[in-house]
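Protein chains in written order, with the numbering used here: chain V, 626 to 802; chain Z, 626 to 802; chain X, 626 to 802; chain D, 626 to 802. Using N, Cα and C, we set each Cβ at its ideal position, and we do this for glycine too. In what follows, a single structure is set out as structure tokens and then discussed.
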């Protein structure tokens, strides 16, 4: 998740957070925002376009869980941070994620990679019903069909292994993989 | 689930269905209807009051999956059958259930029992947002707090082991067990 | 799962079963057999080679849940049927599947297809530790690396959409998709 | 999880760890160790007896995930720490937990409580096959039947809300709740 900007840091300064990131795994939520039909079927997947270190890549919604923040609150806060306050997310009923993504700072330690830190990300698929607009950190938000979102072309535009999570999310929702 | 009335029988007559029920496990959906807060927290659990063979018991929403019917469609149809067409269910994103309940016709074969049949029930927690009214087969629908729904008193009023499923559903949603 | 031979039919004759298959969804288990490292990491995926109607295809372990049979018993029986009695499966702790595959008899109704029937298959990943030999219905059993099992080449050799399930199983186990 | 002794601290001194614990949620694994039948059915639940601040309580296996440690490795290391190196755990195939327990430092913020820290614990049921002996930090290890483990008496002897997790684990495994 190296492409992501820093999140609000709770009671920690950026310098402290940077120090801690070299010593402890950090709890994240990873959210795949989707549009659904009235029957609960995924019709579109929302991917952010981000610029980072001169490169442009697509990304899902992601961010830290803060001290004394519940997972549900972290999901809502990070969706509002990335998609705006009008997104109207359908917050998951259960804190149990559909997958856990382990981002390691060294490449090749697993499918997920984040050069900044070791992050343990709880992953959720979250339908959003309202109008979304990418926050200042993101250049754009694109709604793709499940087929496009799972394609090799889009995978090539995602960083840190997040395309694996998008595909797993679609499979979890019963959509073609 | 012996307390449940027969469902629409697809292309089978009641007699055929009765015959098949002695020969094959039957696919069911079990739905725990809930009211939730805007933050996705379960605030109430809906239980039906049913009369069956002279006894009155509480029950969750349950019914068969019909031939060529998807699980999602079966969830919606059975909710409308038991709670009315105004219930406005939030259909699950994934067909993967939070639990599978195996109802056996002989008592003591497991926690779940249905004298009529061997049923394999896929269980889901489904938020309903609209007004609910019990169908003609149910005497009443009561919205209980999670604490009441998980209490021993309410467990004693449920048949077939369904109180186990209610408690597991609450635990799955992060509510006290 | 059209490529699969008929399973033992409980108390039903083949003719009865064929009749019922046109009227009710049938409960199946789908098992992806794997070899694992001592640390629980999937190292190999076992796929069967089957001949059916003159065509040869790869398949996972699959079979019906019989009347009054528990899911756990059905998993073990179907593994022994397809992989032999020496397979020594690590039976899943929980009857909750990692995925549910809905096989419809009409093509295009979803990712999974079975011309014979509407099957609702509960899917499990099951490590086997003993020597495996394919039963008389299967021509061969091949142990593939996760990369091979998830490849487009192998996908093209599988029928009924089962390659989706293999890929989802690998993603569920934290192996590259 | 206030009753638990400190774990190995990676590259952090105890003082640093204490500091960080007031600023970031800490990633934990929670493991319910079980004995199973050859058919995968839970026959016994292992609970530790711990002394902490003059009080004695029962506890499940728990510990931090260290920097650059995978969840699987953390599960094995913490089982060996609490149950000894002969325990022979059956490491979970998937890093996806059956539940997530959010331990908050303030009482009443949820079902789980840990006065030392905000911990996000990924929970797993893990069969152990070898002889177990509690480490020096634990006074004893007791194997209880599922009924005993889920009883109110045992719940009263557990701290931090962990009895909820034991009951949910048993329900997840299809054992009476």
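C-alpha distance - residue i paired with residue j, whole-angstrom precision
i, j, result
"residue 804 of chain V", "residue 748 of chain D", "Chain V is shown from 626 up to 802; residue 804 of chain V falls before or after that span and cannot be answered."
"residue 720 of chain D", "residue 646 of chain Z", "38 angstroms"
"residue 701 of chain Z", "residue 716 of chain Z", "7 angstroms"
"residue 681 of chain V", "residue 703 of chain V", "21 angstroms"
"residue 800 of chain D", "residue 692 of chain X", "21 angstroms"
"residue 754 of chain X", "residue 796 of chain V", "28 angstroms"
"residue 697 of chain X", "residue 733 of chain D", "39 angstroms"
"residue 642 of chain V", "residue 678 of chain D", "32 angstroms"
"residue 737 of chain D", "residue 762 of chain D", "22 angstroms"
"residue 787 of chain X", "residue 766 of chain V", "33 angstroms"
"residue 659 of chain X", "residue 771 of chain X", "9 angstroms"
"residue 683 of chain X", "residue 670 of chain Z", "45 angstroms"
"residue 782 of chain D", "residue 656 of chain V", "38 angstroms"
"residue 644 of chain V", "residue 686 of chain V", "24 angstroms"
"residue 780 of chain V", "residue 789 of chain V", "8 angstroms"
"residue 764 of chain V", "residue 673 of chain V", "7 angstroms"
"residue 648 of chain X", "residue 741 of chain X", "11 angstroms"
"residue 735 of chain V", "residue 695 of chain D", "9 angstroms"
"residue 709 of chain X", "residue 739 of chain X", "25 angstroms"
"residue 667 of chain D", "residue 759 of chain D", "20 angstroms"
"residue 664 of chain D", "residue 769 of chain V", "45 angstroms"
"residue 777 of chain D", "residue 784 of chain D", "13 angstroms"
"residue 751 of chain Z", "residue 676 of chain D", "42 angstroms"
"residue 718 of chain Z", "residue 773 of chain X", "30 angstroms"
"residue 726 of chain Z", "residue 662 of chain X", "32 angstroms"
"residue 714 of chain D", "residue 690 of chain D", "17 angstroms"
Other residues of its chain near residue i: CB distance less than 6 angstroms, five sequence neighbours each side excluded
i, result
"residue 650 of chain D", "743, 745"
"residue 724 of chain D", "748, 793"
"residue 775 of chain X", "792, 795"
First through last residue of the alpha helix (DSSP H) which encompasses residue i
i, result
"residue 771 of chain X", "771-774"
"residue 648 of chain Z", "Unbroken run through residue 648 of chain Z: none, as it is neither H nor E."
"residue 792 of chain V", "787-797"
"residue 762 of chain X", "Per DSSP, residue 762 of chain X belongs to no alpha helix (DSSP H) and is neither H nor E."
"residue 800 of chain V", "Looking at the DSSP string, residue 800 of chain V is not in any alpha helix (DSSP H), and its letter there is neither H nor E."
"residue 777 of chain D", "777-781"
Residue i - partner residues in DSSP beta bridges
i, result
"residue 687 of chain X", "X:655"
"residue 595 of chain D", "There is no way to answer for residue 595 of chain D, as the model of chain D reaches only from 626 to 802."
"residue 672 of chain V", "V:767"
"residue 738 of chain X", "X:729"
Range covered by the beta strand (DSSP E) that runs through residue i
i, result
"residue 751 of chain X", "744-752"
Same chain, Cβ closer than 8 angstroms to residue i, five either side skipped, listed in chain order
i, result
"residue 688 of chain V", "629, 632, 653, 654, 699, 702, 703, 706, 707"
"residue 730 of chain V", "738, 739, 740, 741, 742, 743"
Close Cβ partners of residue i (< 7 angstroms) along its chain, the five nearest in sequence each way excluded
i, result
"residue 712 of chain D", "704, 705, 753, 755, 757"
"residue 722 of chain V", "747, 748, 749"
"residue 798 of chain D", "667, 750"
"residue 635 of chain V", "Below a pLDDT of 50, predicted positions are generally treated as unreliable, and residue 635 of chain V, at 48, falls in that range; no measurement from the model is reported."
(message) Report the start-end ranges of each alpha helix (DSSP H) in the segment 678-733 of chain D that is 4 residues or longer and not cut off at the edges.
(response) 696-708
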